[in-house]
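Student:
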Amino acid sequence: MRILIVEDDPDLCRQLSEALGDAGYAIDMATDGEEGHFLGDTEPYDAVVLDLGLPIIDGISILQKWRADGKDFPVLILTARDQWSEKVSGFDAGADDYLTKPFHTEELLARLRALVRRAAGHTTDTIDIGGLMVDNRAGRAFVDGAPVKLTSHEFRLLSYMAMHVGKVISRTELVEHIYDQDFDRDSNTIEVFVGRLRRKIGVKRIETVRGLGYRLVDPVTEEAEK
Ligand code: CA
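Heads up: the sequence shown begins at 32 in the numbering used here, then just goes up one per residue.
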């Protein structure tokens with residue numbers, strides 16, 4: 032999962048990117064409204080954390096532009112204390128949730144998890160796919176109850192596929208959702224990651240759809256449908 036943070040306070044920006052990075056997200060950051068708007072306009076984020084008071088373009092205007100352009104990623108706005116009218120304008124502009132500064136990082140993480148899973152159609156942080164359990168809160172996976180040792184990139188890949196279980200996901204889509212902007216993105220490395228993941232969770236759980244991409248499946252129901 033990949034998150035955009037638009038925040039002009041450098042300390043808060045650093046703090047957020049560390050916390051979200053530790054939680055397993057790929058992070059892009061923008062410290063002014065122009066760059067923030069551009070990134071959201073051109074990159075497919077799984078969620079955005081958007082400060083409202085920003086240099087060059089304010090948060091509400093950015094959000095209005097994104098929504099007018101059909102961008103549907105979940106947006107959590109950061110508002111100043113005691114500014115109830117900011118929250119109202121934020122929701123009117125298309126925000127999905129808000130936090131008032133100062134806030135606890137844990138609360139931001141919980142709200143982001145909820146936004147990301149809801150956008151993908153899930154109601155809980157844990158996804159069970161025929162004995163493969165992907166726990167997005169703990170950042171861990173289990174096969175038939177036994178923990179699977181995964182690197183952070185492998186978990187990010189698995190987590191994205193689990194959020195979209197049963198759907199064919201192209202390599203480009205995977206690259207866009209598991210790497211940040213500065214990462215050397217080579218779609219061939221996806222093949223390597225998928226290979227490693229298969230060895231760890233079971234070869235039959237990731238299907239290759241020739242020319243289209245990959246699909247995470249429940250091998251038991253797959254077999255029954257054939
Ligand atoms: Ca600000």
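Idealized CB from N, CA, C, for every residue including glycine.
Counting Cβ pairs, one atom from each stretch, are 3 or more of them under 8 Å apart for the segment 208-215 and the segment 58-76?
Tutor: Yes, they touch.
Student: Please specify which runs of the beta strand (DSSP E), each continuous and at least 3 residues long, are wholly inside the segment 62-95, giving them in chain order.
Tutor: Taking only runs of at least 3 residues, the beta strand (DSSP E) segments lying wholly in the segment 62-95 are 78-82.
Student: Are K132 and L163 close, meaning C-beta to C-beta below 8 Å?
Tutor: Going by C-beta atoms, K132 is not nearer than 8 Å to L163.
Student: Leaving aside the five residues before and after I221 along the sequence, list all residues of the same chain whose C-beta is less than 7 Å from its C-beta, in chain order.
Tutor: Excluding residues within five positions, the ones whose Cβ falls inside 7 Å are R202, L205 and V206.
Student: Identify the continuous beta strand (DSSP E) that holds T252 and give its terminal residues.
Tutor: Looking at the DSSP string, T252 is not in any beta strand (DSSP E); the run it does join, the alpha helix (DSSP H), is P250 to E256.
Student: I believe A150 touches P105 by the beta-carbon criterion, under 8 Å. Please report the beta-carbon distance rounded to the nearest angstrom.
Tutor: Going by Cβ atoms, the distance from A150 to P105 rounds to 5 Å, so yes, they are a contact pair.
Student: Enumerated in chain order, which unbroken segments of the beta strand (DSSP E) with a length of 3 residues or greater are wholly contained in the segment 199-248?
Tutor: Taking only runs of at least 3 residues, the beta strand (DSSP E) segments lying wholly in the segment 199-248 are 237-240 and 244-247.
Student: Among residues of its own chain, excluding the 5 on either side of K305, which ones have a beta-carbon nearer than 6 Å to its beta-carbon?
Tutor: Here the chain has residues from 32 to 257 only, and residue 305 is not among them.
Student: Let me have the residue list for ligand 1: C-beta closer than 6 Å to any non-hydrogen atom, ordered along the chain.
Tutor: Here the residues come out as D39, D40, D82, G84 and L85.
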